[in-house]
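Going letter by letter, the sequence shown gives residues 2 to 100 in our numbering. Where is the CB? At the ideal position from N, CA and C, for every residue including glycine. Being a predicted model, the structure only gives us computed values, none of them experimental.
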Amino acid sequence: MKIGGCAAVTACDVSIYLALYRGLPQLYPFDLQHLTRADYVRFGMMMKPYLRPRYMGVDKLSLFIEGFGGYLYDRGVTLSLVPWEGEHEEAATVRQIRR
Numbered sequence: 002m003k004i005g006g007c008a009a010v011t012a013c014d015v016s017i018y019l020a021l022y023r024g025l026p027q028l029y030p031f032d033l034q035h036l037t038r039a040d041y042v043r044f045g046m047m048m049k050p051y052l053r054p055r056y057m058g059v060d061k062l063s064l065f066i067e068g069f070g071g072y073l074y075d076r077g078v079t080l081s082l083v084p085w086e087g088e089h090e091e092a093a094t095v096r097q098i099r100r
């Protein structure tokens, strides 16, 4: 997404997933049953203030957690975002994802 960056795209994708499969429809402000490119682009623009592009991008997990956490808060969703850095072993990461 040229207008938002990979952090905003990730936040949009996670929001749509949580809205569709985890019972949090308030995270996607458009029609969940008819996802369109136009709505996705508009959604990316809505996410931009939370994960605004920086010179080096969103290059720290803490920046993503802070920005996406702000979006969740503004949408009335209370989720605990726990950092999971890349130094963990693959098996531990798989267990974390599956829990």
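- Looking from the CA of F65, the closest CA among V42, R53 and R76 belongs to R53.
- Taking C-beta separations shorter than 8 Å and ignoring five residues to either side along the sequence, the partners of P84 in its chain run L62, S63 and I66, following chain order.
- Nearest neighbour of L33 by Cα position, chosen from M46, Y51 and Y18, turns out to be Y18.
- Judged by DSSP in its simplified three-state form, G58 adopts coil rather than helix or strand.
- For the pair Y51 and G71, the CB atoms are nearer than the 8 Å cut-off.
- Between G45 and V10 a beta carbon distance of about 7 Å is seen, short of the 8 Å cut, so the two are scored as contacting.
- At a Cβ-Cβ threshold of 8 Å, M48 and A12 count as neighbours.
- F44: member of the alpha helix (DSSP H) spanning R38 to M48, first to last residue.
- With at least 16 other beta carbons inside 10 angstroms of its own, A8 counts as buried.
- Secondary structure note for R96: its alpha helix (DSSP H) is the uninterrupted segment E91 to R99.
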